[in-house]
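Working notes for the structure below.
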Amino acid sequence: MALNTRLAGILDWLREGYPAGVPPKDYIPLLALLRRRLTEEEVREVAHEIATTEDGDAAEIGVQITKLTDALPDPEDITRVEQRLVSHHGWPLDD
Numbered sequence: 011m012a013l014n015t016r017l018a019g020i021l022d023w024l025r026e027g028y029p030a031g032v033p034p035k036d037y038i039p040l041l042a043l044l045r046r047r048l049t050e051e052e053v054r055e056v057a058h059e060i061a062t063t064e065d066g067d068a069a070e071i072g073v074q075i076t077k078l079t080d081a082l083p084d085p086e087d088i089t090r091v092e093q094r095l096v097s098h099h100g101w102p103l104d105d
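Right under this line is the structure:
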């Protein structure tokens with residue numbers, strides 16, 4: 011599956027920001043921030059791309075995304091992840 015330029019850029023940005031992988035405590039706030047920017051289909055495409063280029067499978071990643079996106083992040087977690095993304099990568103968080 012080929013990602014469009016926008017999704018490929020987001021995936022590259024995630025890999026740069028989290029070269030050792032996303033720490034478990036950042037999954038929920040990170041996905042909450044991405045859901046502001048991505049459609050459901052785009053989230054699935056990113057999950058598929060991660061599964062095909064790293065360890066894991068698309069179905070398992072999809073299940074985890076569903077579980078995580080149904081959970082509400084703590085405001086402190088959102089702030090921590092926003093600060094990391096802005097300070098390290100200039101991610102535009104203005105809505």
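The numbering of the sequence shown is this note's numbering, which starts it at 11 and goes up by one.
Every residue gets a Cβ at the ideal spot worked out from N, C-alpha and C, and that includes glycine.
Which of helix, strand or coil DSSP assigns to residue i
i, result
"Gly-31", "coil"
"Thr-49", "coil"
"Pro-83", "coil"
"Asp-22", "helix"
Environment of residue i [buried if 16+ CB atoms lie within 10 Å]
i, result
"Val-53", "buried"
"Ala-69", "exposed"
"Glu-55", "buried"
"Asp-36", "buried"
"Pro-85", "exposed"
Among the options, the one whose alpha carbon lies nearest that of residue i
i, options, result
"Pro-29", "Leu-43, Glu-50 and Ile-60", "Ile-60"
"Ala-18", "Ser-97, Ile-71 and His-58", "His-58"
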